Amino acid sequence: MTQSTEVRSEVSSLPRREPGRSEIDVQEVGRALRRFVRGSDRMDETLERVGEGWLPALLHRYRDEGHVRTPFPFYLPDARLGGEGGEPLDSLLRRALTGLELDAGDARVLTDNLPRFEKAIRAALEGRTGRIPFQDVAGEAGASAVQGLSDHVRPVLEKAWTVLVSAVPPGELLPFGGDVPLELWIHAAETRAHAVRSTLVAELSELRRRTRERLALELTDETESVRGLGGGPDVLDPSALARVSKKRSGRVGLDPARRDALLAAVEVIEGFLQGAASPALLVVETGESRTDAVRRTSGVPEMDGNSASAEAAADDHEAHTSTSSVWVFTDPDPSSRALELFLREADAWTEIVQAIRRCELEVEGTFDPARHEPVLGAITRDSLTQEELALLPPVLAVESSVRLRGRGLSALSRVLRSGWPVHVLVSIDPFDDTEPDRYRLELGYIGMGHRRAAVHQGTASEPADLIGSFARLSGRLEPSLHIIATANTDAEPGPWLHLGAAVEGRAHPVFIYDPGTGRSWSERFDFGGNPATEIDWPVYPFAYQPVDESVRQQSLELAFTFVDFALLDRSARDHFRIIPDGFEHDDLVPVAEALESSELSHTPRIPYVWAVGGDGRLTRLATTEAMLRGSRDRLDFWWTLQELAGVRNAYVQSAVARAEGAAAERAETERQEREAKFQGELDEARESAVKDALGGVAQFLIGMGDAPQAFAGGFGGAVGGLVGGTTAGAGGTGSAGASAGATVDVPTSTPSTEEAPVQPSAPAPAAPAADAAEDPWVDTPLCTSCNDCVQINPRLFVYDENKQVRIGDPEAGTFADLVKAAEKCPSRCIHTGTPLNADEPGLSELVERAKAFR
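In my numbering, each residue's number is its place in the sequence shown (first place is 1) plus 475.
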C-alpha cells in the first residue's frame, strides 16, 4: 500500500487456504452463485454470508494495529511563532533527540526508552480530539512512562526526558479524528495569516510614525510662521521670514481640509493596529461539527466597529464564537454566508486601504488633491490590488457532502464562480453516494468545471500532504475547493488504513488542480499522489501458506480494486458471499478481469475477490453485478483523471502513434535510399573492377604479342591465335578468350615480305613443383565489401582505403580461416594459396577444399 503506514514486524503467520472439499454439489452451488451475482435472490441461504473480521487479502498483514505505525499523533508548531508544516510524533522526538547535549550514557538510555515515551503519549491522547499542547501531554506521559522502572534508571530518564521536551518548540499534537482536515486547514491558514499580519503591522506602524511626523512638522511650521514674523502686522522681521521660507522650501503646506483628512487616515490606521478583535481568519460551519478553535473559546471579544466581522457578530451573537484570531460562525448555508462575510470584510477594508494610500502619498510628498482625491473616493472592493486583497483574512466554509448533493450545490457554484478568495472544505466518506442505479456525484470534477477555482482532493490519513496542500492554496486570491476523505475511528482495519484503501481502490483518487500554476493541464493538474497511475488497479504480490505444511509457500498477484475497498464497509457486506472451498468453474473470474469486459450484467461470469477471515482462512468471495457497476463508475472517473493528467490519454496515444508511424516511414525511406545508394556504388565498383581486370588481361596479351614468336608459342595456340588476330570466339580454343567472353581488338600490321630469320627455339619453362609454396592473395578490385571474411578473422583480412579487402597478416590466421572465407566470398576473389603450417589439424581435407580457390 502506498499510504504512510509502516509494518513494524511481519504478521505471525501467513493466511492459510483450506484444501478443496469434494462433498459439495457443484451444480447447486453454481446456480446459487449466479442467482446471487445477478441480485435475484439475496435471501438464499445456500451460500455463507460474510460477517465481521473479513478483510481483503492484501490488507491481512495489517490486521493487527499494533504492527502498524501511522503519522498520528501529528505535531503542529505554534502558528503564532511562524511554525510551518508539521511532522509525526516519532519523527519529532528523534529529530529533537539528535540536537540534545546529553551525557553519552544518558543519551543512550533516553534513546532506548524513546518508544516507551511515545507509547505513553499515544495512550494519553486516547479518546481525545482536537489539538492538545505538546508540553502538557508530554509532561503527563513522561510521568506514566517511568513508572515501574528501577530507582537507578528513573531519575536519569526523567531528567533526560525533561531536557528533550524543553527542546521541542511550542506546538500542539493532533490525534486522528473527524476534525483533522479542519484543524489542519486552520493551522495552515493561521500560520500564513499571522505572517501576513505581522508584516502588515510592522509596515503600518512605520507609516503611522512617518505620517505623525509629517503632521507634527506641519503644525510646528505654522506656529513658527506666526511667531517668527515679528511683533505685529506692521513690523516684519526680514531675517525671520527668510528662515521660515527656507525651512518650508520644497514642501506644499496642508490646507485645513487636507490636514483633517490626513488626521482621519492616521486614526483609521491607529484603530486597525489597536483592534484586538480583528480576526486572522473566518470559519463558517453548519454547527454539526465544532472545531477545536470553537471548543477552546469563551465568549465573544470586543470588536472593532470597522470590521465587517464585528458587524456580522453584532447581528447574531449566538451564531459566532471566537478565539483571539479565529472567528467561527454557524449557518445552515455555509457557502453563501462565507461569501457574504468576505464581501463585507472587503468593503470594510476599502476604508483602511484609502487611509494607507493617502498617508503614503502625503509622506512621499506626491499627493495632488485634484488628481488623487477622486481616485481615493472611488476605491471599492473591485479596485483593490492583488497585494491589498492578500491582506484580508481567509474565509472558509465547512460544508457537508450530503448538503452539496442537494440544494447546497448551487451555493457552492456561486462561490466558485465569484472569483473571490473564499475556500470551501468538504469532508466525505469515500464509500458515500455509491449506488448501483446511478452515477456518483464527483464534486472535484464539478469544481474543475469552474476553471479558475482550485480543487484539492486528499485524505485525512496523510496529514503532511494535507497541510502542505492547504498552505499552498490558502493564499490563493481565487476560490478553492477541498474534498477530504475521512473515516470513523472504528473503521476497519483502522481509520488510516481504511482511507489508504480508499485511495488504492480508486474510491477517492487524490489530486490538485491549480489554474494559477500555468496554462496547460500538465502544469495545472498534479496526479502523482496515487499508486500505479499508469494502470487501472494497483497490483501487489500476496503470499499464503497451504494448510499442508509440506507444501511450499504459494504466491498470487492480486489487484486491489474498488470491490476490495467496499469489503471494508459494513453497509456493503450484503454484496458478498463466500465461495465454498473446492468449488471450481470456468465462470469464476477475478473482479479486475470481469471489469475489462464491456458487458457487466446478464453474463454467466461469477466475479470474486480474495479475502482472509478473522481465523486466517484465505478464500474467495463472490460479489454482485451491482457492485461491479459501482466499480466501473469508479474506474470511469479514474480514466477521466488519467486523461486529464496525460496518462493513457487517447489523444496523446493517437498523436504518439502518428508520430511513431511517420518516424518509421521516414526511417524506412532513408533505409531504402541508403540501400539503393549502396547497391549503386556496389554495382559501379563491380563494373569498374571487371573493366580493370579485363583491361589488365588485354594489356598483358598485347604485351605478349610483341614478344619473340618462340616465347609466344610456348603458351599454345590460344595466345598465338589472339596475336594473329583470331579470337577464341572465331574458332580459337584458348581459355583466356573463352573466359573473357569478349572480343579483344588487337592492332594488325602488314606482314613483312622478308622472312624473319629463324631463331633457335627457347626451352619451355619448367612446371612448378606440386608442393611449391604459394602465398594467399585477394583479387581486391573484385571485393564487394560484404564483410564476411573480416568477421571470420579481422587480422588476416583487412580493408584498404576503398573499403575493399586485402590480405593483412598471413600468419595471423589459419588455413581453415582462408578456406572458410574463400567459400563464403560471393565474388570468389579470395585465393587460399598453400598452407603455411604443415601441422594444422585436418589439413588434407582443407587442401582438397582449397583447390577451387588456388
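In this text, a Cβ means the ideal position worked out from N, Cα and C, and glycines have one as well. Being a predicted model, the structure only gives us computed values, none of them experimental.
DSSP beta-bridge partners of residue i
i: Trp1085; result: Arg1095
i: Gln932; result: Ile958, Phe986
i: Arg524; result: Arg1052
i: Ile1282; result: Phe1272
i: Thr805; result: Glu760
i: Tyr1015; result: Leu1033
i: Val899; result: Ala872, Leu956
i: Tyr914; result: DSSP output for Tyr914 lists no bridge partner at all.
i: Trp1252; result: His1306
i: Ile607; result: Leu648
i: Pro563; result: Phe549
Integer Cβ distance of residue i from residue j, believed to fall under 8 angstroms
i: Thr1259; j: Leu1157; result: 6 angstroms
i: Val1084; j: Pro531; result: 7 angstroms
i: Val759; j: Ala872; result: 5 angstroms
i: Val1070; j: Leu1031; result: The sequence given here has Leu at residue 1070, not Val. 18 angstroms between Cβ atoms; not a contact.
i: Gly1288; j: Asn1268; result: 4 angstroms
i: Leu690; j: Phe747; result: Contact doesn't hold; Cβ gap of about 18 angstroms is too wide.
i: Ser876; j: Ile903; result: 4 angstroms
i: Leu624; j: Leu585; result: Leu624 to Leu585, Cβ: 12 angstroms. No contact.
i: Gly561; j: Phe549; result: 5 angstroms
i: Val801; j: Glu1009; result: Not really, about 42 angstroms apart at Cβ, beyond 8 angstroms.
i: Gly1088; j: Ile499; result: The pair is not a contact, with the Cβ atoms about 18 angstroms apart (cut-off 8 angstroms).
Residue i classed as buried or exposed, judged by whether at least 16 other C-beta atoms fall within 10 angstroms
i: Arg606; result: buried
i: Pro1232; result: With a pLDDT of 46 at Pro1232, under the threshold of 50, the modelled position of that residue is not reliable, and no figure is offered here.
i: His535; result: buried
i: Val434; result: What is shown of the chain runs 476 to 1329, which leaves residue 434 out entirely.
i: Ala1239; result: Its pLDDT being 44, under 50, Ala1239 is placed unreliably by the model, and nothing is read from it.
i: Glu523; result: exposed
i: Ser995; result: exposed
i: His1050; result: buried
i: Lys1295; result: buried
i: Ala554; result: buried
Beta-carbon spacing of residue i, residue j below 7 angstroms
i: Ile1053; j: Val512; result: no
i: Phe986; j: Gln932; result: yes
i: Arg981; j: Arg1109; result: yes
i: Gln861; j: Leu756; result: no
i: Gly993; j: Leu956; result: no
i: Arg856; j: Ala821; result: yes
i: Arg999; j: Pro990; result: yes
i: Ala960; j: His925; result: no
i: Asp1284; j: Arg1303; result: no
i: Phe945; j: Ala663; result: yes
i: Arg833; j: Ala740; result: yes
i: Pro970; j: Ala962; result: yes
i: Glu837; j: Leu737; result: yes
i: Ala977; j: Pro954; result: no
i: Pro869; j: Pro754; result: no
i: Glu1347; j: Asp611; result: The first residue shown for the chain is 476 and the last is 1329, placing residue 1347 beyond what the model contains.
i: Gln829; j: Leu864; result: no
i: Leu577; j: Ala616; result: no
i: Pro608; j: Glu647; result: yes
i: Pro1079; j: Val504; result: no
For residue i, three-class secondary structure by DSSP
i: Pro938; result: helix
i: Phe1035; result: coil
i: Gly1178; result: helix
i: Gly881; result: coil
i: His669; result: helix
i: Pro645; result: coil
i: Leu556; result: helix
i: Arg1001; result: First, the residue type needs correcting, since residue 1001 is Asp and not Arg in the sequence shown. Note: Asp1001 maps to strand in three-state DSSP.
i: Trp529; result: coil
i: Ile1267; result: helix
i: Val1064; result: strand
i: Val501; result: helix
i: Phe1153; result: helix
i: Leu692; result: helix
i: Phe1328; result: helix
i: Glu815; result: helix
i: Phe842; result: coil
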